[in-house]
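The structure appears below as structure tokens.
Number of protein chains: 2
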Amino acid sequence: MASHGGRGRSGGRPTLEEVAARAGVGRGTVSRVINGSPRVSDATRAAVEAAVAELGYVPNTAARALAANRTDAIALVVPEPETRFFAEPYFSDILRGVGAELADTEMQLLLIFAGSDRERQRLAQYLAAHRVDGVLLVSVHADDPLPDLLSQLEIPAVISGPRSAAESLTSVDSDNYGGARSAVEHLLGRGRRRIAHITGRLDVYGAQRRVDGYRDALRDAGHPADELLIEPGDFTEEGGRRAMRLLLAHHPDLDAVFAGSDVMAAGARQVLREAGRRIPDDVALVGYDDSAIARHMDPPLTSVRQPIQEMGRAMIDLLQTEIADRRPPASRGLDRRRAVLPTELVVRASS
Amino acid sequence: MASHGGRGRSGGRPTLEEVAARAGVGRGTVSRVINGSPRVSDATRAAVEAAVAELGYVPNTAARALAANRTDAIALVVPEPETRFFAEPYFSDILRGVGAELADTEMQLLLIFAGSDRERQRLAQYLAAHRVDGVLLVSVHADDPLPDLLSQLEIPAVISGPRSAAESLTSVDSDNYGGARSAVEHLLGRGRRRIAHITGRLDVYGAQRRVDGYRDALRDAGHPADELLIEPGDFTEEGGRRAMRLLLAHHPDLDAVFAGSDVMAAGARQVLREAGRRIPDDVALVGYDDSAIARHMDPPLTSVRQPIQEMGRAMIDLLQTEIADRRPPASRGLDRRRAVLPTELVVRASS
DNA sequence: ATCACTTGTGGGAGCGCTCCCACAGTACCT
DNA sequence: AGGTACTGTGGGAGCGCTCCCACAAGTGAT
Chain A
1 MASHGGRGRS
11 GGRPTLEEVA
21 ARAGVGRGTV
31 SRVINGSPRV
41 SDATRAAVEA
51 AVAELGYVPN
61 TAARALAANR
71 TDAIALVVPE
81 PETRFFAEPY
91 FSDILRGVGA
101 ELADTEMQLL
111 LIFAGSDRER
121 QRLAQYLAAH
131 RVDGVLLVSV
141 HADDPLPDLL
151 SQLEIPAVIS
161 GPRSAAESLT
171 SVDSDNYGGA
181 RSAVEHLLGR
191 GRRRIAHITG
201 RLDVYGAQRR
211 VDGYRDALRD
221 AGHPADELLI
231 EPGDFTEEGG
241 RRAMRLLLAH
251 HPDLDAVFAG
261 SDVMAAGARQ
271 VLREAGRRIP
281 DDVALVGYDD
291 SAIARHMDPP
301 LTSVRQPIQE
311 MGRAMIDLLQ
321 TEIADRRPPA
331 SRGLDRRRAV
341 LPTELVVRAS
351 S
Chain B
1001 MASHGGRGRS
1011 GGRPTLEEVA
1021 ARAGVGRGTV
1031 SRVINGSPRV
1041 SDATRAAVEA
1051 AVAELGYVPN
1061 TAARALAANR
1071 TDAIALVVPE
1081 PETRFFAEPY
1091 FSDILRGVGA
1101 ELADTEMQLL
1111 LIFAGSDRER
1121 QRLAQYLAAH
1131 RVDGVLLVSV
1141 HADDPLPDLL
1151 SQLEIPAVIS
1161 GPRSAAESLT
1171 SVDSDNYGGA
1181 RSAVEHLLGR
1191 GRRRIAHITG
1201 RLDVYGAQRR
1211 VDGYRDALRD
1221 AGHPADELLI
1231 EPGDFTEEGG
1241 RRAMRLLLAH
1251 HPDLDAVFAG
1261 SDVMAAGARQ
1271 VLREAGRRIP
1281 DDVALVGYDD
1291 SAIARHMDPP
1301 LTSVRQPIQE
1311 MGRAMIDLLQ
1321 TEIADRRPPA
1331 SRGLDRRRAV
1341 LPTELVVRAS
1351 S
């Protein structure tokens, strides 16, 4: 286990060649062992592994990247300013999910913010230099040029939250439609009838799908949606407050609010409380994301849980496949892959 | 400006050699231009730059890393679980500061969490592979083995928040002692006399220094500190609550609280409010960090501002120096560098 | 005119790997 | 006996740079 600390006589790090000499084999064989090729006899493998341990050999990443034309690194690109990244639990949850999935890999994860023009400039340079094997995109707006840049540079990419039903990149999504439906059906089941919806940014496809789910749930239950009860938000707490104020002003009789995110629900809650409405007695409240905010809200917030961990896992899986597929200049099929993961309603005291 | 998109005929990315051929010069000359060497005539430089633009040349990072034995990347290592990273504004502030300073550099910043044993394992591998030129360490506890590992591997490192007065690594710090003094002097100036202190984790050197500043400010003003008014916290909100409860129970006559962080001040505020104490009328409250929390608290919190941006700048500066110094196997002097930056008291309604 | 230096330039060597071809050895058919 | 196939192995070539030596050309002192 313990490396004897015995480095090559030159004081530098040991190389493949030195390991090979020590193990009494050729350079190619050591390379095969290091890379887990099956075409090595057990005895040879053992000898090489012993030499590796004795010398404390660690492969030189740069040499490997140069020779193999891959970097073993992928980037998580957040096209938002850092402030939003830290403010929104969604991002850190995704990061955690991806990180967990990557933990047993050799892959290195890079976190790159591309909120400002300057940062985007840097990112473009970075991608042009092919410093990563693939890219994970989160929270991309409909008009963002990034996906085009990526396909132009032929860099494998997976997007979380497709930009539209016709998303051209491989994508991972949660079932926004189904999640919204289950939230509204839950409220209907609790006897609520005047159910408002504070939407997310409508240039985000997932937010649209939640509106669709909200509408369809009401319609299918025989209570077609009152379009006026749909108030656009923007995923921020302040947006939630603003929307809630408008809703209260125009529809004082509402008895439930389905917010497109927990953060907006938090804003809504504040306004409701200031208006003297009790939760859930007067107005039931349901959020989306099931973030830490939901658990710590007073009262605890019913919310739609997205399987973030699984989404991270799925993103990595798909990206690895893309990377592997692209290695030979394959027939880049039009079979864009797409994963949609189920959501789960977590019922708490707010509804 | 616009790259014509004309890649080498082979469809791959253009190489130095191709740029050289196009510009009618040798490979070495192109390399000199790319790396900004002054030993190139203006005419040649212009020709090379034109060729670079026409071909859309971007240097191959792996080849450069292999040949030059450097990676142009540094890591920001956070020896904490990700959750704490996202919960504490201090980290994101530091990240922002470092990121801003790095924006005009070619340097790439990597964010690495080393909270769990598994993550530390990975980090050790990572460092052993020398995948970064240097390391920025934040929030390291006194008994952490990481600094030793770094000096063993001879990886340049700068630590933010030295572990002790005898810190062996190059360090950047804010003037915790002076900051605490100014907070206490401010409270004294407002006529407060029973000033309590909720400390940070005392295995963090900066937290100790704040206690020292608190003590000395009181002593120098002729009101030696009542040691019982010093209550240990742990930088968390819950810790702030706990400490505040104890303080109120044992010292109901206190008229001011100096908390070692804004987060703890938020916890303290909650307990004070629940106990019916008005802020600042009954009890004045001062925090530390001047984070977003301080601005958004009700009432807004007086807090000691650390020049995070400047600290980030200083860390990068010092690290770059370390990296440059180490390039030739220099006489590793014992002249450990250390920067201490001044703090500023931001007075708001809470005091 | 000679020498000594400086400036700008070209290109060889080499960084530490991966990829792949060559080949020895063994096994199992014809 | 020859063919065919597969397994395990060694080592050459080459990835795209940087470093550095060599050297031509110019400059100025002797």
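Which chain is which? The protein sequence lines are A and B, in order.
The working numbering puts the last residue of the first sequence at 351; the count rises by one with no breaks.
The working numbering puts the last residue of the second sequence at 1351; the count rises by one with no breaks.
Note that the Cβ used here is the ideal one computed from N, Cα and C, for glycine as well.
Notebook entry, point to check: What is the residue span of the beta strand (DSSP E) that A:LEU111 lies within?
Noted result: 108 to 113
Check: Quick one: which chain A residues come within Cβ less than 7 Å of B:THR1061?
Finding: ALA129, ARG131
Check: Along chain A, in chain order, which residues have C-beta atoms closer than 9 Å to that of B:ARG1084?
Finding: Chain A residues near B:ARG1084: none, gap ~11 Å exceeds 9 Å.
Checklist line | Short CB-CB distance (under 7 Å) between A:SER92 and chain B | finding: yes
Next item on the list: Could you tell me which of A:SER41, A:ILE230, A:ARG348, A:VAL257 sits nearest to A:ARG305, measuring between CA atoms?
Entry: A:ARG348
Notebook entry, point to check: The alpha helix (DSSP H) with A:PRO156 in it runs from where to where?
Noted result: From DSSP, A:PRO156 is part of no alpha helix (DSSP H); its letter is neither H nor E.
Checklist line | Alpha-carbon spacing of A:VAL340 relative to A:ILE195, whole angstroms | finding: 27 Å
Notebook entry, point to check: On the three-state DSSP scale, how would you describe A:ARG9?
Noted result: With a pLDDT of only 43 at A:ARG9, under 50, the local geometry of the prediction cannot be trusted, and no value is derived from it.
Checklist line | Residue ranges of each alpha helix (DSSP H) within the segment 22 to 63 of chain A, 4 or longer | finding: 27 to 34, 42 to 55
Checklist line | Pair within 7 Å by beta-carbon distance, A:LEU318 and A:ARG295 | finding: no
Note to self: Considering only their Cβ atoms, is the gap separating B:SER1160 from B:VAL1138 smaller than 7 Å?
What the structure shows: yes
Margin query: Quick test of your reading: B:GLY1179 and B:GLY1200, contact by CB under 8 Å. State the CB separation rounded to the nearest angstrom.
Written below: The Cβ separation is near 12 Å, so there is no contact.
Notebook entry, point to check: Ordered along the chain, which non-local residues of its own chain (more than five positions away) have a Cβ less than 7 Å from that of B:GLY1233?
Noted result: ILE1198, THR1199, GLY1200, GLY1239, GLY1240, ALA1243, GLY1260, MET1264
Item checked: Chain-ordered chain B contacts of A:LEU111 [CB-CB under 7 Å] -> LEU1111
Note to self: Beta-carbon within less than 7 Å of B:TYR1205's beta-carbon, same chain only, minus the 5 sequence neighbours each way: which residues are those?
What the structure shows: GLY1161, PRO1162, ARG1163, SER1164
Notebook entry, point to check: In the structure shown, what three-state DSSP assignment does B:SER1182 receive?
Noted result: helix
Notebook entry, point to check: Leaving out the 5 sequence neighbours to the left and right, which residues in its chain are closer than 7 Å to B:THR1044 when beta-carbon positions are compared?
Noted result: VAL1025, THR1029
Notebook entry, point to check: What are the uninterrupted segments assigned as alpha helix (DSSP H) that are 4 or more residues long and contained completely in the segment 242 to 295 of chain A, given in chain order?
Noted result: 262 to 274
Checklist line | Close beta carbons around A:PRO224, own chain, < 7 Å, minus the five adjacent residues each side | finding: LEU218
Notebook entry, point to check: Going along the chain, which residues of its own chain have a beta-carbon closer than 7 Å to the beta-carbon of A:MET107, five neighbours each way excluded?
Noted result: ASP72, ALA73, ILE74
Notebook entry, point to check: Nearest-angstrom Cα distance between B:PHE1085 and B:VAL1211?
Noted result: 24 Å
Notebook entry, point to check: Considering only C-alpha positions, which residue in the set B:LEU1248, B:ALA1268, B:GLY1287, B:TYR1057 is nearest to B:THR1187?
Noted result: Note that residue 1187 of chain B is Leu in the sequence shown here, rather than Thr. For the residues B:LEU1248, B:ALA1268, B:GLY1287, B:TYR1057, the minimum Cα distance to B:LEU1187 belongs to B:GLY1287.
Notebook entry, point to check: For A:MET368 versus A:VAL132, is the C-beta spacing smaller than 7 Å?
Noted result: Only positions 1 to 351 of chain A appear in the structure, and residue 368 of chain A is not among them; the question remains open.
Note to self: Check this for me: beta carbons of A:ARG192 and A:ASP255, under 7 Å apart or not?
What the structure shows: yes
Check: Is any beta-carbon of chain B found at less than 7 Å from that of A:VAL77?
Finding: no
Check: Pairing CB atoms from the segment 1112 to 1119 of chain B with CB atoms from the segment 1074 to 1083 of chain B, are three or more of them under 8 Å?
Finding: yes
Next item on the list: Would you kindly report the start and end of the unbroken beta strand (DSSP E) that includes A:THR321?
Entry: From DSSP, A:THR321 is part of no beta strand (DSSP E) but of the alpha helix (DSSP H) over 308 to 326.
Next item on the list: For A:LEU66, decide whether its Cβ has a neighbour in chain B, counting only Cβ atoms nearer than 7 Å.
Entry: yes
Check: Nearest CA to the CA of A:GLN320: which residue from A:GLU231, A:LEU109, A:SER291?
Finding: A:LEU109
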